[in-house]
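**Student:**
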Amino acid sequence: MMPILKVENLSKDFVKSLDLVAKGLNKIGQNYKEEIVHAVDNVNFSIFKGEIVGVVGESGCGKSTLGRMVAGILQPTEGRVEFDSGQIENKKIPDALLTQMIFQDPFSSLNPRKRVIDIITEAPLYHKLITKSEKRAFASEMLQRVGLDPDTLQRYPHQFSGGQRQRVGIARALAVSPEFLVCDESIAALDVSIQAQIINLFVELKDKYDLTYLFISHDIGVIEHISDRVIVMYLGRIVETAPIKTFVKQPNHPYTQALLEGVPRLEVGKRQYEPISGEIPSPLSPPTGCHFHPRCKSATARCEREKPALREIAAAHFSACHLNDET
Amino acid sequence: MEPILEISDLQTHFFTKAGILRAVDGVSFEIGAGEIVGLVGESGSGKSITGFSIIGLVDSPGEIIGGTIKFKGEDLNDLSNEQMQHVRGNRIAMIFQDPMMTLNPVLRIETQMIEAIQAHDNKISREDARIRSRDALGLVGISSPDERLRAYPHQFSGGMRQRVSIAIAMLNRPDLIIADEPTTALDVTIQGQVISEMQKLCRETKTALLWITHDLAVIAGIADRVCVMYAGRIVEQGLVANTIANPLHPYTRGLMGSVPSQNQRGKPLQQINGMVPSMLSLPRGCAFQNRCSYVTEKCSTERPDITHLSDKRQVRCFNVSEVP
Chain A
-6 MMPILKVENL SKDFVKSLDL VAKGLNKIGQ NYKEEIVHAV DNVNFSIFKG EIVGVVGESG
54 CGKSTLGRMV AGILQPTEGR VEFDSGQIEN KKIPDALLTQ MIFQDPFSSL NPRKRVIDII
114 TEAPLYHKLI TKSEKRAFAS EMLQRVGLDP DTLQRYPHQF SGGQRQRVGI ARALAVSPEF
174 LVCDESIAAL DVSIQAQIIN LFVELKDKYD LTYLFISHDI GVIEHISDRV IVMYLGRIVE
234 TAPIKTFVKQ PNHPYTQALL EGVPRLEVGK RQYEPISGEI PSPLSPPTGC HFHPRCKSAT
294 ARCEREKPAL REIAAAHFSA CHLNDET
Chain B
48 MEPILEISDL QTHFFTKAGI LRAVDGVSFE IGAGEIVGLV GESGSGKSIT GFSIIGLVDS
108 PGEIIGGTIK FKGEDLNDLS NEQMQHVRGN RIAMIFQDPM MTLNPVLRIE TQMIEAIQAH
168 DNKISREDAR IRSRDALGLV GISSPDERLR AYPHQFSGGM RQRVSIAIAM LNRPDLIIAD
228 EPTTALDVTI QGQVISEMQK LCRETKTALL WITHDLAVIA GIADRVCVMY AGRIVEQGLV
288 ANTIANPLHP YTRGLMGSVP SQNQRGKPLQ QINGMVPSML SLPRGCAFQN RCSYVTEKCS
348 TERPDITHLS DKRQVRCFNV SEVP
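Protein chains in written order, with my numbering: chain A, -6 to 320; chain B, 48 to 371.
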């Protein structure tokens, strides 16, 4: 089977350029350097049609930057994102439209001065997927798909609650008949009971319209529930990718294990937390070798020197840890 | 055992232009010494306002219009502003979701901590206060506290700042700490660290803790007892172990069904339909009726009272016996 999305050697650097003062001081012999953040550092993976791939990681791990590059909002510094929907004939829809993004904040991702009907139909009208006369019927159809009342077409975003706005955002994404959705923390800003509604909606839409998701979240419970495969990121690098069952039952990388250990769970009940120590290092000056070694219980001298490669340790299970070499 | 905090029938209302908003409407619960009580609810359920009411931080147009808040036998509502200041930050401390609400960005940590000590003890010398601050920082797991005392808040990461605000809350060895979503803004591994520190501190110092959050899973891991709030009222309360194993109120059940867990992979989550009603136009009768699947005619006409069950469990629902 051909993957629908292929990400090869993808990197993104953000450079904080020198200000005038620093440039001036450099001229008289000072040595100020530009600060570079390797937000995403040489990442490779592919996604197959109909899969939900979860990306987990803590703040600053580069998961959002990765999502934005996949969605085509950010240009990568290096590497490429290849999207192949497999459609050869009937090229009615431009390739760029086939990937859509659903954002975290349902308040800032909708234009407050536009009515819902215009928010939803702007892109399909521009790309001539629908005509002006179809606008109304099309928008009500889209609203119904995401479980909103078509009577609300003429409303402005502020007249909706957070969960409803997120539904409008999803309707807007679906309006151009995408095949691939990037959901960047799409449910993080919602209340628990509303979260469940939106998660159910995502799963329902996937089955109905044959969608593929890249689902980015810091919430491991949500990732476990929705994904078929999980990518774990730490400071810009993928440290582990595994099918969901392996991820839950036999996580290999010490960071993944620590993450899973730290998740509060209903089933477990009252317990003593024994968290991993240490802070998340600054992405401006990541540790040498394996980024995780200062916080890792089983770190060796080698972890400090050498960057571990992402290797397949079991079928479809990849991990970047030196410990796998020793056994 | 005498409870350290006893709230009964607390009513905090907001008198807005659009009408009276009953943010807290008849809340009663108690906390014993060294006990950890979780207060769970969604946004707008009144859980934070309950916390603010206890510590006396409800601002106009809000007002506590009824009920008593007994702290060590004394009603906090009867205290004057001045007397309340001796309680606030001294006997009762509060930790906020955003540590920058506690910390002043332009003062060194040291200055802020010493100020917090001297505000409640005018005899203590600066040097002694400094030593106490240093020890407090060490207690919450900040390495090299001596140097860190000289730092400014922006030099700390989010998790470290939250630790500093916990250290400040612990400074005067309060009897009760109110923590309002203290770990919501933190990453999973850092959240684990903060929870573990809080657990340890409460066990060692016998401090009572009211943990306000929307995350039932966090409560399950840390608290002894849980109160579930919906639309300004506590709809269920009981020991965490019992409540999680066997939730009785339909809302608690829905809330638990909404939390994704490994057991339900592949199945749709049991969602609660609809949304939290506007606090300005609550329906007559039970506030949860529109979203409840066990609703009867009685629910739309009468407000359910608290039903007391065994094991100190309380539920506010007419149909407790029918809920399977």
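Every residue, glycine too, gets a C-beta built ideally from N, C-alpha and C.
(1) Tell me whether the beta-carbon of L194(A) lies closer than 8 Å to the beta-carbon of V139(A).
(2) What residues of chain A sit near R312(B), judged by a beta carbon separation below 8 Å?
(3) Taking 8 Å as the threshold (C-beta atoms), are V225(A) and Y206(A) in contact?
(4) K359(B) lies in the beta strand (DSSP E); which residues open and close that run?
(5) In whole angstroms, what is the alpha-carbon distance linking K290(A) and Q144(B)?
(6) Ignore the nearest five residues each way along the sequence and tell me which others in G233(B)'s own chain have a CB closer than 8 Å to its CB.
(7) Which residues of chain B have a Cβ atom closer than 7 Å to the Cβ of Q188(A), listed in chain order?
(8) Any idea what DSSP makes of P236(A), helix, strand or coil?
(9) Give the interface partners of P268(A) over in chain B, defined as CB-CB distance under 7 Å, in chain order.
(10) What does H261(B) touch in chain A if you count any residue whose Cβ is under 8 Å from its own?
(11) Under the assumption that Q318(B) contacts A116(A) (Cβ atoms under 8 Å), give the Cβ distance between them as a whole number of angstroms.
(12) From N293(B) to T252(B), what distance separates their C-alpha atoms?
(13) Just to confirm the assignment, what range does the alpha helix (DSSP H) spanning A251(A) have?
(14) Tell me, to the nearest whole angstrom, how far the beta carbon of D222(B) is from that of R138(B); I am working on the premise that it is less than 8 Å.
(15) For the alpha helix (DSSP H) containing V201(A), name the first residue and the last one.
(16) Counting only beta-carbon atoms, is G185(B) nearer than 8 Å to chain A?
(17) I need the straight-line Cα distance from T348(B) to P146(B), nearest angstrom please.
(18) I'd like to know whether the C-beta atoms of V323(B) and E89(B) end up nearer to each other than 8 Å.
(19) Looking only at its chain, what residues have a beta carbon closer than 6 Å to the beta carbon of I269(A), apart from the 5 residues adjacent to it on each side?
(20) Would I224(B) and A140(B) qualify as a contact pair, given that the criterion is a beta-carbon distance under 8 Å?
(21) I need the straight-line Cα distance from C274(B) to E344(B), nearest angstrom please.
(22) Is the shortest distance between the beta-carbon of V84(B) and the beta-carbons of chain A less than 8 Å?
(23) Can you tell me where the alpha helix (DSSP H) with V63(A) in it begins and where it stops?
(24) Check the Cβ-Cβ distances between V196(A) and every residue of chain B, and say whether any is below 8 Å.
(25) So, does the CB of H211(A) fall closer than 8 Å to a CB anywhere in chain B?
(26) Within 10 Å of its beta-carbon, does Y119(A) have 16 or more other beta-carbons around it, so buried, or fewer, so exposed?
(27) In whole angstroms, what is the alpha-carbon distance linking K314(B) and V175(A)?
(28) Smallest Cα separation from T293(A): which of L122(A), H151(A) and N317(A)?
(29) DSSP three-state label for I116(B), please.
(30) Can you tell me whether S126(A) is helix, strand or coil according to DSSP?
(31) Going by C-alpha to C-alpha distance, which of G188(B), T158(B) and G103(B) sits closest to A176(B)?
(32) Give the residues of chain B in contact with A251(A), contact being defined as C-beta atoms less than 8 Å apart.
(33) Near G282(A), which residues of its chain fall below 7 Å by C-beta distance, leaving aside the five closest residues on each side in sequence?
(34) What distance in whole Å lies between the Cβ atoms of I142(B) and S212(B), which are believed to be in contact at a cut-off of 8 Å?
(35) What is the rounded straight-line gap between the Cα of G156(A) and the Cα of Y202(A)?
(36) Considering Cα atoms alone, identify which of E178(A), E127(A) and P276(A) is closest to E28(A).
**Tutor:** This is what the structure gives:
(1) Within the first sequence, residue 194(A) is the residue found at index 201, counting from 1. Within the first sequence, residue 139(A) is the residue found at index 146, counting from 1. The answer is yes: Cβ separation under 8 Å.
(2) Residue 312(B) sits at position 265 when you count from the first residue of the second sequence. The answer, in chain order, is E217, H218 and I237.
(3) Here residue 206(A) corresponds to residue number 213 of the first sequence, with the count starting at 1. Here residue 225(A) corresponds to residue number 232 of the first sequence, with the count starting at 1. Not in contact: Y206(A) and V225(A) (Cβ atoms no closer than 8 Å).
(4) Against the second sequence, residue 359(B) aligns to sequence position 312. Element bounds for K359(B): n/a, residue is neither H nor E.
(5) Taking the first sequence and counting its residues from 1, the one referred to as residue 290(A) is at position 297. Taking the second sequence and counting its residues from 1, the one referred to as residue 144(B) is at position 97. Take the alpha-carbon of K290(A) and the one of Q144(B): they are about 30 Å apart.
(6) Within the second sequence, numbered from 1, the residue matching residue 233(B) stands at position 186. Residue identity check: residue 233(B) is Leu in the sequence provided, not Gly. Excluding the 5 residues flanking it on each side, L233(B) has same chain C-beta neighbours closer than 8 Å at G205, G206, Q209 and V241, in chain order.
(7) By 1-based counting over the first sequence, the position of residue 188(A) is 195. For Q188(A), the C-beta contacts it makes with chain B under 7 Å involve S305, in order along the chain.
(8) The residue labelled residue 236(A) in the question sits at position 243 within the first sequence. Strand, per DSSP.
(9) Sequence index remark: in the first sequence, residue 268(A) carries index 275 (1-based). In chain order: T236, G239, Q240 and S243.
(10) As a first step, residue 261(B) is located in the second sequence; it is residue number 214 there, counting from the start. For H261(B), the neighbours in chain A by C-beta distance under 8 Å run, in chain order, D184 and V185.
(11) Against the second sequence, residue 318(B) aligns to sequence position 271. Against the first sequence, residue 116(A) aligns to sequence position 123. Taking C-beta atoms under 8 Å as the contact rule, Q318(B) and A116(A) fail to qualify, at a distance of about 29 Å.
(12) Taking the first residue of the second sequence as position 1, residue 293(B) is located at position 246. Taking the first residue of the second sequence as position 1, residue 252(B) is located at position 205. About 32 Å.
(13) Indexing the first sequence from 1 puts residue 251(A) at position 258. If you look at A251(A), you'll find it in the alpha helix (DSSP H) that goes P247 to G255.
(14) As a first step, residue 222(B) is located in the second sequence; it is residue number 175 there, counting from the start. As a first step, residue 138(B) is located in the second sequence; it is residue number 91 there, counting from the start. Taking the Cβ atoms as the reference, D222(B) lies roughly 5 Å from R138(B), within the contact range of under 8 Å.
(15) Working through the first sequence from its first residue, we reach residue 201(A) at position 208. Note on residue identity: the sequence assigns Lys, not Val, to residue 201(A). Start and end: V185 to Y202.
(16) Residue 185(B) sits at position 138 when you count from the first residue of the second sequence. With respect to chain A, the C-beta atom of G185(B) has no partner C-beta closer than 8 Å.
(17) Walking along the second sequence from the start, residue 348(B) turns up at place 301. Walking along the second sequence from the start, residue 146(B) turns up at place 99. Using only the alpha carbons, I get a separation of about 44 Å.
(18) Walking along the second sequence from the start, residue 323(B) turns up at place 276. Walking along the second sequence from the start, residue 89(B) turns up at place 42. A contact, by the Cβ cut-off of 8 Å.
(19) As a working mapping, residue 269(A) is identified with position 276 in the first sequence. Cβ contact annotation for I269(A) (same chain, cutoff 6 Å, sequence separation greater than five): A251 and R288, in chain order.
(20) Here residue 224(B) refers to the residue found at position 177 when the second sequence is read from its first residue. Here residue 140(B) refers to the residue found at position 93 when the second sequence is read from its first residue. It is a contact, given that the beta carbons lie within the stated cut-off.
(21) For the purposes of this step, residue 274(B) is identified with residue 227 of the second sequence, where counting begins at 1. For the purposes of this step, residue 344(B) is identified with residue 297 of the second sequence, where counting begins at 1. If I take the Cα positions, the gap works out to 26 Å.
(22) Here residue 84(B) refers to the residue found at position 37 when the second sequence is read from its first residue. For V84(B), no Cβ of chain A is located within less than 8 Å of the residue's own Cβ.
(23) Here residue 63(A) is taken as the residue at index 70 of the first sequence, counted from 1. From DSSP, the alpha helix (DSSP H) with V63(A) extends over K56 to A64.
(24) Here the question's residue 196(A) lines up with position 203 in the first sequence. Cβ-Cβ to chain B under 8 Å: yes for V196(A).
(25) Translated into positions along the first sequence, residue 211(A) becomes position 218. At least one beta carbon of chain B lies nearer than 8 Å to the beta carbon of H211(A).
(26) The residue you call residue 119(A) lines up with position 126 of the first sequence. Exposed, because fewer than 16 other Cβ atoms sit within 10 Å of the Cβ of Y119(A).
(27) To locate residue 314(B), count along the second sequence from 1; it is residue 267. To locate residue 175(A), count along the first sequence from 1; it is residue 182. Going from the Cα of K314(B) to the Cα of V175(A) covers about 22 Å.
(28) Within the first sequence, numbered from 1, the residue matching residue 293(A) stands at position 300. Selected option, being the one with the closest Cα: N317(A).
(29) Your numbering for residue 116(B) matches position 69 in the second sequence. Of the three classes helix, strand and coil, the one that applies to I116(B) here is strand, per DSSP.
(30) The residue given as residue 126(A) occupies position 133 in the first sequence. Note: S126(A) maps to helix in three-state DSSP.
(31) As a working mapping, residue 176(B) is identified with position 129 in the second sequence. Just measuring C-alpha positions, the residue of G188(B), T158(B) and G103(B) sitting nearest A176(B) is T158(B).
(32) As a first step, residue 251(A) is located in the first sequence; it is residue number 258 there, counting from the start. Correct list: T236.
(33) In the first sequence, the residue the question calls residue 282(A) occupies position 289. The answer, listed in chain order, is C296, E297, R298, E299 and K300.
(34) Along the second sequence, read from residue 1 onward, the residue named residue 212(B) stands at position 165. Along the second sequence, read from residue 1 onward, the residue named residue 142(B) stands at position 95. Confirmed, Cβ separation roughly 6 Å.
(35) Locating residue 156(A) in the first sequence gives position 163, counting from the first residue. Locating residue 202(A) in the first sequence gives position 209, counting from the first residue. G156(A) and Y202(A) have their C-alpha atoms roughly 21 Å apart.
(36) The residue given as residue 28(A) occupies position 35 in the first sequence. Selected option, being the one with the closest Cα: P276(A).
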